[in-house]
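S.K.: If you scroll down you'll find the structure; I have some questions about it.
Protein chains in written order, with my numbering: chain E, 453 to 853; chain D, 453 to 853.
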């Protein structure tokens with residue numbers, strides 16, 4: 453009998469996920485439209501929609517649709533009961549973003565610090581403090597929290613251990629475990645993932661290229677990483693380390709990288725490497741955001757030295773993008789993080805390398821574009837990751853009405 | 453009503469696939485074991501197994517199992533009614549392999565030629581002739597053909613068009629369409645895929661590392677390519693061109709490649725490049741297999757010049773494997789094709805580069821091994837691809853008994 457229940461539950465969860473996903477993409481729509489669009493039969497759709505309404509994930513609108521026959525009540529996503537929290541920690545600081553379950557933004561906070569020199573214990577404490585405030589804000593809005601996901605620039609294994617995050621000075625930090633403890637073992641899931649993987653998820657769910665099943669987001673911050681969506685799914689790999697392009701060797705005789713090797717992509721085309729070449733006179737601990745903004749201003753003013761360096765960096769970046777295009781055949785390579793703001797000058801140089809260096813004609817259909825999310829991609833992807841439990845059909849329990 | 457049918461059919465197809473897959477991995481086993489192992493309820497399993505027996509894909513054995521209570525009849529796969537054909541065309545010649553639906557090998561043929569200079573029309577005709585013979589042999593054994601899949605060393609798009617196969621001298625050849633016509637528009641599916649993708653599928657289904665969800669097969673023939681299994685699935689990418697590592701730039705000042713670029717992996721570490729460096733005196737159109745065998749003999753005899761070249765090639769190959777490991781985090785990188793026979797000398801050099809050049813500690817858990825399938829991997833993977841329609845639940849219609 454337990455087998456029978458498991459079987460039934462799995463099919464129902466799959467059907468719930470299909471119906472909710474269809475509604476997310478086609479809201480507002482009728483029960484009949486869900487049935488027609490998903491292949492589920494009308495009785496199943498009626499039952500599933502009843503469940504979703506009971507859980508306050510879907511609501512009926514006053515609108516009706518009247519093609520032929522009886523007018524049909526239209527359904528929309530209901531964001532009044534639940535929200536998901538996404539966070540990022542990077543050399544730039546901390547970010548927290550929350551969306552309700554209908555995709556409406558509830559909060560978007562950014563805090564500077566703690567710096568890499570603060571040590572992991574202080575960083576975890578600062579993350580937990582910001583998470584608690586976000587959780588309190590969600591609760592104050594009358595919603596329950598579906599989950600908290602944190603993006604980290606480094607190698608994160610499947611247990612949420614940060615194996616290596618050079619830009620933060622972390623190694624073998626049990627971040628997920630520490631955060632769960634700091635948040636008092638909450639009932640909702642707490643997840644830790646690689647920043648670029650989450651950024652790619654944000655682009656895949658909410659970005660202008662969301663229709664594509666094959667896209668790669670390049671994060672351009674202290675480090676350089678890639679998040680990969682291939683054949684419609686985020687790739688993870690054996691230990692969860694997919695997309696570590698920052699240490700592809702671009703120039704065997706190149707400068708020393710933070711990892712101890714020479715000529716890694718990060719060392720020749722990372723944001724600190726660009727800044728170091730252009731304004732060596734300034735102090736290295738000046739706010740990197742302010743320095744990137746200054747770079748954009750100089751390039752916009754037509755300063756030749758700046759534009760030349762950006763073109764050269766684009767060429768080096770393009771050599772790595774060729775590797776990605778030959779190996780993964782993406783439709784879009786999206787320049788994210790600080791690269792996004794520099795896209796106007798980087799993209800043409802990357803594209804030129806890509807066409808020259810990819811075996812497939814016209815780079816296998818690959819286009820290079822700048823992210824529209826910039827520095828928020830990771831936190832938005834973290835929200836999406838927390839919302840994923842809904843779309844995989846694992847609904848919250850019904851609360852007393 | 454059509455929606456209801458579609459819905460029901462999809463669930464049943466998924467359940468059939470799950471039951472058949474479980475039986476493939478756990479044969480012989482009882483209906484109760486299938487239910488316990490898959491989470492399907494016993495009534496569903498009984499109905500599905502009935503279907504599979506009617507279609508002669510499963511049969512009951514005389515054996516019974518008697519833990520507690522009534523003895524249970526054991527089931528095994530039945531290979532008596534269907535077979536799948538896998539083929540390969542390469543610079544080495546043509547291969548055809550057929551397995552019955554229980555995984556038993558029915559035939560394994562190799563033909564030399566047609567060479568690249570024969571032109572695509574002759575090659576298609578030779579492929580069709582060999583396919584017709586394999587189909588006739590399957591029919592003579594009393595079985596129906598589930599499908600024919602052909603592996604090609606080159607870029608193959610999702611419609612079975614060979615966009616580029618430099619080693620065969622092909623460009624924009626509509627191979628699938630041409631083969632379907634040459635075989636008289638058969639009722640079974642005819643598919644064309646990239647050789648390395650099929651090789652990876654063979655390793656994933658039948659190889660010694662089949663338990664791994666993250667493996668990469670490197671094909672080492674005229675060209676060098678990679679087939680990628682990531683997170684348990686074969687990757688395809690935007691146009692189907694995943695794994696084209698042969699043209700990663702290894703040495704900017706390297707030799708001219710057939711693609712017109714300089715220093716591509718193929719040009720420095722492909723089998724012809726290895727042979728050219730070691731026995732330049734021999735004619736380039738001598739059988740590459742015989743020349744590789746000679747290379748193995750020389751290395752086994754301890755000839756220093758040969759071992760030095762193989763070590764150097766392993767180092768160059770290792771630089772590309774680093775790229776794969778950083779980007780895809782595989783558990784196994786399998787040296788296939790002619791590289792397999794040279795594995796004893798290549799593997800240590802590849803491993804050294806891999807450890808040095810991968811950001812993740814211990815190369816993210818990646819191991820380098822030699823394929824046990826050698827030159828048969830592509831055709832075996834092609835068989836697996838044709839058998840896949842069974843495991844995806846699309847069963848043949850019931851034949852008159």
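We put the CB at the ideal spot given by N, CA and C, even for glycine. Keep in mind it's a predicted model, so treat the numbers as computed, not measured.
Jot down the residue ranges of each uninterrupted alpha helix (DSSP H) in the segment 467-532 of chain D, minimum 4 residues, whole runs only, in chain order.
M.R.: Here the runs fully enclosed are 483-490 and 494-506.
S.K.: Does residue 640 of chain E have its Cβ less than 8 angstroms from a Cβ in chain D?
M.R.: To locate residue 640 of chain E, count along the first chain from 1; it is residue 188. So no, residue 640 of chain E is outside the interface.
S.K.: Relative to chain E, which residues along the segment 647-660 of chain D have a C-beta separation below 9 angstroms, given in chain order?
M.R.: Taking 9 angstroms as the Cβ-Cβ cut-off against chain E, none of the residues of the segment 647-660 of chain D qualify.
S.K.: Looking at chain D, is there any beta carbon in it that lies within less than 8 angstroms of the beta carbon of residue 503 of chain E?
M.R.: Along the first chain, one-based indexing puts residue 503 of chain E at 51. Output row for residue 503 of chain E: interface = no.
S.K.: What residues match up with residue 624 of chain E in a beta bridge as DSSP calls it?
M.R.: Here residue 624 of chain E refers to the residue found at position 172 when the first chain is read from its first residue. DSSP output for residue 624 of chain E lists no bridge partner at all.
S.K.: How far does the alpha helix (DSSP H) with residue 790 of chain D in it reach, from first residue to last?
M.R.: Along the second chain, read from residue 1 onward, the residue named residue 790 of chain D stands at position 338. Looking at the DSSP string, the run of the alpha helix (DSSP H) that includes residue 790 of chain D is 790-793.
S.K.: Taking C-beta to C-beta, are residue 806 of chain D and residue 774 of chain D nearer than 8 angstroms?
M.R.: As a position in the second chain, residue 806 of chain D is number 354, starting the count at 1. As a position in the second chain, residue 774 of chain D is number 322, starting the count at 1. Contact flag set, yes.
S.K.: Using a threshold of 8 angstroms, state whether the C-beta atoms of residue 855 of chain D and residue 838 of chain D are closer than that.
M.R.: Outside the displayed span of chain D (453 to 853) sits residue 855 of chain D, for which this structure offers no information.
S.K.: Taking the alpha helix (DSSP H) that residue 766 of chain E falls in, what are its first and last residues?
M.R.: Start at 1 with the first residue of the first chain, and residue 766 of chain E comes out as number 314. Its alpha helix (DSSP H) spans residues 756-780.
S.K.: Check for me: the beta strand (DSSP E) holding residue 606 of chain D runs from which residue to which?
M.R.: Within the second chain, numbered from 1, the residue matching residue 606 of chain D stands at position 154. Per DSSP, residue 606 of chain D belongs to no beta strand (DSSP E) and is neither H nor E.
S.K.: Using a threshold of 8 angstroms, state whether the C-beta atoms of residue 509 of chain D and residue 842 of chain D are closer than that.
M.R.: If you number the second chain from 1, residue 509 of chain D lands on position 57. If you number the second chain from 1, residue 842 of chain D lands on position 390. Yes.
S.K.: Express the C-alpha separation of residue 710 of chain E and residue 796 of chain E in angstroms, rounding to a whole number.
M.R.: Taking the first chain and counting its residues from 1, the one referred to as residue 796 of chain E is at position 344. Taking the first chain and counting its residues from 1, the one referred to as residue 710 of chain E is at position 258. If I take the Cα positions, the gap works out to 28 angstroms.
S.K.: In the DSSP assignment, the beta strand (DSSP E) including residue 545 of chain E goes from what residue to what residue?
M.R.: Sequence index remark: in the first chain, residue 545 of chain E carries index 93 (1-based). 545-552 is the span of the beta strand (DSSP E), which, as asked, contains residue 545 of chain E.
S.K.: In whole angstroms, what separates the C-alpha of residue 494 of chain D from that of residue 525 of chain E?
M.R.: As a working note, residue 494 of chain D is residue 42 in the second chain. As a working note, residue 525 of chain E is residue 73 in the first chain. Approximately 40 angstroms, taken between the alpha carbons.
S.K.: If we require 3 or more residues per run, which beta strand (DSSP E) segments fall completely within the segment 665-692 of chain E?
M.R.: As far as the segment 665-692 of chain E is concerned, its whole beta strand (DSSP E) runs of at least 3 residues are 667-672 and 676-682.
S.K.: Quick one: which chain E residues come within Cβ less than 8 angstroms of residue 452 of chain D?
M.R.: Since the displayed chain D opens at 453 and closes at 853, residue 452 of chain D lies outside it and no answer follows.
S.K.: Tell me the DSSP secondary structure of residue 639 of chain D in three-state form.
M.R.: Taking the first residue of the second chain as 1, we reach residue 639 of chain D at position 187. Correct three-state label for residue 639 of chain D: coil.
S.K.: To the nearest angstrom, how far is the alpha carbon of residue 485 of chain D from that of residue 550 of chain D?
M.R.: Position 33 of the second chain, counted from the start, is the residue given in the question as residue 485 of chain D. Position 98 of the second chain, counted from the start, is the residue given in the question as residue 550 of chain D. The straight-line gap from Cα to Cα measures roughly 30 angstroms.
S.K.: Grab me the residues of residue 431 of chain D's own chain with a C-beta within less than 7 angstroms of its C-beta, minus the 5 sequence neighbours each way, in chain order.
M.R.: Shown here, chain D extends from 453 to 853; a query on residue 431 of chain D therefore has no answer.
S.K.: Just verifying my parser: in three-state terms, what is the DSSP assignment at residue 534 of chain E?
M.R.: Taking the first residue of the first chain as 1, we reach residue 534 of chain E at position 82. Strand.
S.K.: Using a Cβ cut-off of 8 angstroms (strictly closer), state whether residue 783 of chain E contacts chain D.
M.R.: The residue you call residue 783 of chain E lines up with position 331 of the first chain. Yes, its Cβ sits closer than 8 angstroms to a Cβ of chain D.
S.K.: Taking DSSP as the reference, what is the three-state secondary structure of residue 563 of chain E?
M.R.: Stepping through the first chain from its first residue, residue 563 of chain E is reached at position 111. Strand at residue 563 of chain E.
S.K.: Kindly indicate if chain D contains any beta-carbon less than 8 angstroms away from that of residue 463 of chain E.
M.R.: Position 11 of the first chain, counted from the start, is the residue given in the question as residue 463 of chain E. For residue 463 of chain E, the answer is yes, since a Cβ of chain D falls inside 8 angstroms of its Cβ.
S.K.: Alpha carbon to alpha carbon, how far is residue 677 of chain D from residue 789 of chain D? Give it in angstroms, no decimals.
M.R.: One-based indexing of the second chain puts residue 789 of chain D at position 337. One-based indexing of the second chain puts residue 677 of chain D at position 225. Distance between the alpha carbons of residue 789 of chain D and residue 677 of chain D: 10 angstroms.
S.K.: Out of curiosity, what's the CA-to-CA distance linking residue 470 of chain E and residue 617 of chain E?
M.R.: As a position in the first chain, residue 470 of chain E is number 18, starting the count at 1. As a position in the first chain, residue 617 of chain E is number 165, starting the count at 1. Distance between the alpha carbons of residue 470 of chain E and residue 617 of chain E: 37 angstroms.
S.K.: Anything in the segment 690-721 of chain E with a Cβ closer than 8 angstroms to a Cβ of chain D? List those residues in chain order, please.
M.R.: Result list: 690, 691, 692, 693, 694, 695, 696, 697, 698, 699, 700, 701, 711 and 713.
S.K.: Within this structure, are the beta carbons of residue 529 of chain E and residue 668 of chain E separated by less than 8 angstroms?
M.R.: Position 77 of the first chain holds residue 529 of chain E. Position 216 of the first chain holds residue 668 of chain E. Cβ distance not < 8 angstroms, so residue 529 of chain E and residue 668 of chain E don't count as in contact.
S.K.: If the cut is a Cβ gap below 8 angstroms, which residues of chain E does residue 812 of chain D touch?
M.R.: In the second chain, residue 812 of chain D corresponds to position 360, counting from 1. Within chain E, the residues near residue 812 of chain D are 607, 615, 616, 691, 693 and 696.
S.K.: Quick one: measure Cβ to Cβ for residue 615 of chain D and residue 627 of chain D, integer angstroms, because I've assumed they're closer than 8 angstroms.
M.R.: The count along the second chain starts at 1 and reaches residue 615 of chain D at position 163. The count along the second chain starts at 1 and reaches residue 627 of chain D at position 175. So it is not a contact: roughly 10 angstroms between Cβ atoms.
S.K.: For residue 662 of chain D, name the three-state secondary structure that DSSP assigns.
M.R.: For this step, residue 662 of chain D is matched to residue 210 along the second chain. In the structure shown, residue 662 of chain D sits in coil (DSSP, three-state: anything other than H, G, I, E or B).
S.K.: Enumerate in chain order the residues of its own chain whose CB-to-CB distance from residue 577 of chain D is below 8 angstroms, with the five nearest sequence positions on each side excluded.
M.R.: Position 125 of the second chain, counted from the first residue, corresponds to residue 577 of chain D. Within the same chain, residue 577 of chain D has close Cβ partners 634.
S.K.: Would you tell me roughly how many angstroms separate the C-alpha atoms of residue 507 of chain D and residue 657 of chain D, rounded to the nearest one?
M.R.: As a working mapping, residue 507 of chain D is identified with position 55 in the second chain. As a working mapping, residue 657 of chain D is identified with position 205 in the second chain. Computed Cα separation, rounded: 23 angstroms.
S.K.: Which residue wins for smallest C-alpha separation from residue 619 of chain D, given the options D:630, D:625 and D:606?
M.R.: For the purposes of this step, residue 619 of chain D is taken as residue 167 along the second chain, with counting starting at 1. Among D:630, D:625 and D:606, the Cα nearest to that of residue 619 of chain D belongs to D:606.
S.K.: Name the chain D residues whose beta carbon is nearer than 8 angstroms to that of residue 683 of chain E?
M.R.: Counted from its first residue, the first chain places residue 683 of chain E at position 231. Going along chain D in sequence order, the residues near residue 683 of chain E (Cβ under 8 angstroms) are 685, 687, 688 and 689.
S.K.: Report the three-state DSSP secondary structure of residue 598 of chain D (helix, strand or coil).
M.R.: Position 146 of the second chain, counting from 1, holds the residue named residue 598 of chain D. In this structure, residue 598 of chain D counts as strand in the three-state DSSP scheme.
S.K.: Below 9 angstroms between beta carbons is the criterion; list the residues of the segment 807-837 of chain E that meet it against any residue of chain D, in chain order.
M.R.: Answer in chain order: 808, 809, 810, 811, 812, 813, 816, 817 and 818.
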